[in-house]
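Trainee: Protein chains in written order, with my numbering: chain Y, 1 to 401; chain D, 1001 to 1401.
Below, the structure is given as structure tokens:
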């Protein structure tokens, strides 16, 4: 971007030349919708429905309980982990999939605390998604004797630091290698939450101790899809999974009374995988294995910058102005953000709202194009200029904002 | 049953008169398979595939992230809980669904320990499925200072007792109200694992403190389907969810930094529900709401008893001889149980094997009939009499037994 804002024809020309354009056909979106909420729930992969039908009818229906052996269900947590690994700079045998991000946060932080038994401080960051705090608060309350400290107070004396690569609210991006090095220099371990970066950019947690993330945002694996947990190889022999369920046992089918952890990252598997939810994840990963992530990041920055330029100074930017310092979302502030967003959605432009005043727009480069961004921005300006949001229909709060 | 074993025609006559016979059409089973593993993974409900298609295409595909409001996803953990409640003797607002049985065990036992802070003993039972032990071992290791004690040592001084209504290996059934009263008399709280009883019989945990269970066995909700957690109303105000994720927060969408538990059982929801896995659960519960459970139990006992009579003294019975003292499974012992079971499966009779020597046969009364049991038993006797299991094909161990 040059600072000279493009017109709609120029956007269409960029779409025509976009090397990622072919991926749009891999996803299903309703007619007339510009979907800028892929940072919250990704669009359905075109093959997800068929993949689920196959799992229900051909796998469960035909193999029944034999699906654990004959349909690959038993291996899902590690097999999916190995497919996610390249997306976060990890290698095979370093990522396990299952459960939820909240559970993975609990596992990672608890394991880190056991690796730093002489320290009693947990550092979190108000920019983390709230569930990260909540899980750490629950863990600290369970253990007793730990101090929860905000990132603003620094890393000194910290056993573990829990940070997010991309802020869910503003899209602000942290420098993972640099912050990891700072945490390590202070003697702390670090857990990265990748929920808002994985699938949106090249992620590299290979220097970090643990990482967690969800698969239903940019990765498009469906509502409530399983989460992932990365454990650095240097910790795999010593790290303990306090949620020591049978799926992480060295020999689950020996049915022993005593827990013996499996070798490697498998010990962080807790329980029987949610096979049907894994099916949609597999359909999504079939797409991701063909995606050049450098192109995703380049397009993501270009889309965000186009949006910012088109909106101009009409709304305050809650995100960093430098696209390299953002994830794949742009957040704007408006004191009546809730009805503004409802009015916008009513006109086919889907973003979301985060209290108290943030409008979020996510740009998933696999299915969002330049002309989409152009149309989204002009619709937003129209809603603002004509005050279309001043309508009682738009003020009633829904359960989920 | 009278002790006079039925012939096949008599079994067919019983099937023709069976009031539950109509439910067989609600499930899909492959031609030529007698499926006696419904105690491990239930058969697919006929409408599960369509229900999943609807969730992917009509809900996720049409509403996108709006599915949280417009497709009922947000309410799934409590809505499904209210539908499971009648199956376990609970009322509305007492059951929450999500995660896995292992996670639910951790939540329930941790909550019970916090309610009995003056006690330091956790009682478990070698008849529990191993993951129950493992989760308690992980919890105790995390907390420090707790003693794990076997049920054989009694309830004295116990903070919490973790028992299973039906033993996964032998099918032996415990008397829930009587054992609950004993635990309470000793000042302990009790957590019941209902994995092997829910959907197989009338369950009543209304006197217990907590209960957990899975939905993929007799309830037929699919591989790795979400688990449930029951919390007695008398504990709901004080019980803490140590896995305090955002879904159990009083106002998840206020995005507060501090955790404030929701009122009631909702606080035990941890994280974003696995929506696709819930879809199959909902298809299964559509069947269960029409099932008369007293008829299920009566038929279940009759099927088990028929099987035991047909097998006679050919194999040692690992289950209690009294059908009222069993769940809906019959377990037999054979020193070469593994190849015997493989040979049986090869002949269309599906049971499973549990080390070291147990053959398990589950009788799910909604889709198993008297003639099925007759054919299963005669095939088993044939495999034994002709030593058909002495074949190298049957000794190779699969990953999942």
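Beta carbons: idealized from backbone N, C-alpha and C, even for Gly.
1) Which residues, taken in chain order from the stretch 1039-1057 of chain D, show a beta carbon closer than 7 Å to some beta carbon of chain Y?
2) Could you tell me whether any Cβ in chain Y is nearer than 8 Å to the Cβ of residue 1403(D)?
3) Would residue 1067(D) count as contacting chain Y if we go by Cβ distances under 8 Å?
4) Name, please, each residue of chain D whose Cβ falls closer than 8 Å to the Cβ of residue 268(Y).
5) Give the residues from the stretch 1112-1128 of chain D that approach chain Y closer than 7 Å (Cβ to any Cβ), ordered along the chain.
6) Comparing C-alpha positions only, which one of 1336(D), 1026(D), 1139(D) and 1079(D) sits nearest to residue 1389(D)?
7) Does the beta carbon of residue 1(Y) sit closer than 8 Å to a beta carbon anywhere in chain D?
8) Out of curiosity, what's the CA-to-CA distance linking residue 262(Y) and residue 1330(D)?
9) Starting from residue 106(Y), find everything on chain D with Cβ-Cβ shorter than 7 Å and list it in chain order.
10) Nearest by alpha-carbon distance to residue 33(Y): which of 368(Y), 356(Y), 107(Y) and 53(Y) is it?
11) Would you tell me roughly how many angstroms separate the C-alpha atoms of residue 1021(D) and residue 64(Y), rounded to the nearest one?
12) Counting C-beta neighbours from all protein chains within 10 Å, is the total for residue 1305(D) 16 or more, i.e. buried, or is it exposed?
13) May I ask you to report which of helix, strand or coil DSSP gives residue 1001(D)?
14) Runs of 3 residues minimum, wholly inside the stretch 1330-1360 of chain D: which ones carry the beta strand (DSSP E) assignment?
15) If I follow the unbroken beta strand (DSSP E) through residue 1067(D), where does it start and stop?
16) Going along the chain, which residues of its own chain have a beta-carbon closer than 7 Å to the beta-carbon of residue 1223(D), five neighbours each way excluded?
17) Given this structure, state the Cα-to-Cα distance separating residue 1236(D) from residue 1104(D), to the nearest angstrom.
18) Taking the DSSP output, what are the residues bridged to residue 192(Y)?
19) Say whether chain D places a C-beta atom closer than 8 Å to the C-beta of residue 352(Y).
20) How should residue 1364(D) be labelled, buried or exposed, when 16 other C-beta atoms within 10 angstroms of its C-beta is the threshold for buried?
21) Can you give the beta carbon distance from residue 1097(D) to residue 1226(D), rounded, assuming they're within the 8 Å contact cut?
22) Does any C-beta atom of chain D lie closer than 8 Å to the C-beta of residue 297(Y)?
23) If you follow the alpha helix (DSSP H) that residue 122(Y) is part of, which residue opens it and which one closes it?
24) By DSSP's criteria, residue 1228(D) is part of a beta bridge. Which residues make up the other side?
25) Please return the same chain residues whose Cβ sits closer than 7 Å to the Cβ of residue 357(Y), not counting the five positions on each side in sequence.
26) Step through the CB atoms of chain Y and report whether any lies within less than 8 Å of the CB of residue 1146(D).
27) How do the stretch 178-194 of chain Y and the stretch 202-210 of chain Y stand: do at least 3 beta-carbon pairs fall below 8 Å, yes or no?
28) What residues from chain D crowd round residue 149(Y), counting only those whose CB sits closer than 7 Å?
29) If we count the other Cβ atoms within 10 Å of its Cβ and call it buried at 16 or more, is residue 91(Y) buried or exposed?
30) Return the chain-ordered list of same chain residues with a C-beta closer than 7 Å to the C-beta of residue 12(Y), the five sequence neighbours on each side being excluded.
31) Quick check on residue 1102(D): buried or exposed, where buried means 16 or more other Cβ atoms within 10 Å of its Cβ?
32) I need the DSSP call for residue 1062(D), collapsed to helix, strand or coil.
33) Residue 331(Y) versus chain D: which residues are under 7 Å apart at the beta carbon?
34) Can you have a look at residue 1391(D) and say buried or exposed, based on whether 16 or more other CB atoms are within 10 angstroms of its CB?
35) What did DSSP end up calling residue 259(Y) once you bin it into helix, strand or coil?
36) Do residue 27(Y) and residue 46(Y) come within 8 Å of each other at the CB atom, strictly closer than that value?
Mentor: In terms of the structure at hand:
1) Listed in sequence order: 1040, 1041, 1043, 1044, 1048, 1049, 1052, 1053, 1056 and 1057.
2) A question about residue 1403(D) goes unanswered here, because the residues of chain D that appear run from 1001 up to 1401.
3) Flagged as an interface residue toward chain Y: residue 1067(D), by a C-beta distance shorter than 8 Å.
4) Those do not exist, as residue 268(Y) stays about 12 Å from chain D at its closest Cβ, beyond 8 Å.
5) Those would be 1126, in chain order.
6) If we check each option's Cα against that of residue 1389(D), 1336(D) comes out closest.
7) Caution applies to residue 1(Y), whose pLDDT of 43 falls short of 50 and renders its modelled position unreliable; the model cannot decide the point.
8) In this structure, the alpha-carbon of residue 262(Y) lies about 31 Å from that of residue 1330(D).
9) Taking a Cβ-Cβ cut-off of 7 Å, the neighbours of residue 106(Y) in chain D comprise 1243, given in sequence order.
10) The shortest CA-to-CA distance from residue 33(Y) to any of 368(Y), 356(Y), 107(Y) and 53(Y) is the one to 368(Y).
11) Taking the straight line joining both Cα atoms gives about 21 Å.
12) It is buried - the Cβ of residue 1305(D) has at least 16 other Cβ atoms within 10 Å.
13) Residue confidence for residue 1001(D) is low, a pLDDT of 43 falling below 50, so the modelled location carries little weight and cannot support an answer.
14) If only complete runs of 3 or more residues are kept, the stretch 1330-1360 of chain D shows the beta strand (DSSP E) at 1352-1354, in order along the chain.
15) Run containing residue 1067(D): none in the beta strand (DSSP E); it sits in the alpha helix (DSSP H), 1067-1070.
16) Leaving aside the five residues that flank residue 1223(D) on each side, the residues in its chain whose CB is nearer than 7 Å to its CB run, in chain order, 1041 and 1216.
17) Going by the C-alpha atoms only, they are around 15 Å apart.
18) As a beta-bridge residue in DSSP terms, residue 192(Y) pairs with 163(Y) and 211(Y).
19) Chain D, which has a Cβ nearer than 8 Å to the Cβ of residue 352(Y), makes this yes.
20) Classification for residue 1364(D): buried.
21) Residue 1097(D) to residue 1226(D), Cβ: 5 Å. Contact.
22) False, the Cβ-Cβ gap to chain D never drops below 8 Å.
23) Element bounds for residue 122(Y): not the alpha helix (DSSP H) but the beta strand (DSSP E), 121-124.
24) Among the bridge pairs identified by DSSP, residue 1228(D) is matched with 1097(D) and 1213(D).
25) Hits under 7 Å: 333, 334, 335 and 337.
26) Not closer than 8 Å to any Cβ of chain Y, the Cβ of residue 1146(D) fails to qualify, so no.
27) Remark: three or more beta-carbon pairs, one from each stretch, lie closer than 8 Å, so the stretch 178-194 of chain Y and the stretch 202-210 of chain Y are flagged as touching.
28) Those within 7 Å of residue 149(Y) in chain D number zero; the least Cβ separation is about 13 Å.
29) Residue 91(Y) sits exposed, since fewer than 16 C-beta atoms from the chains shown fall within 10 Å of its C-beta.
30) Closer than 7 Å at Cβ, skipping near neighbours: 371.
31) Classified as buried, residue 1102(D) has 16 or more neighbouring CB atoms from the shown chains inside 10 Å of its CB.
32) Residue 1062(D) falls in the helix class under three-state DSSP.
33) The premise fails here: residue 331(Y) is roughly 13 Å from chain D at the closest Cβ pair, so nothing lies under 7 Å.
34) With fewer than 16 other beta carbons inside 10 angstroms of its own, residue 1391(D) counts as exposed.
35) Coil, per DSSP.
36) In this structure, residue 27(Y) lies closer than 8 Å to residue 46(Y) by Cβ.
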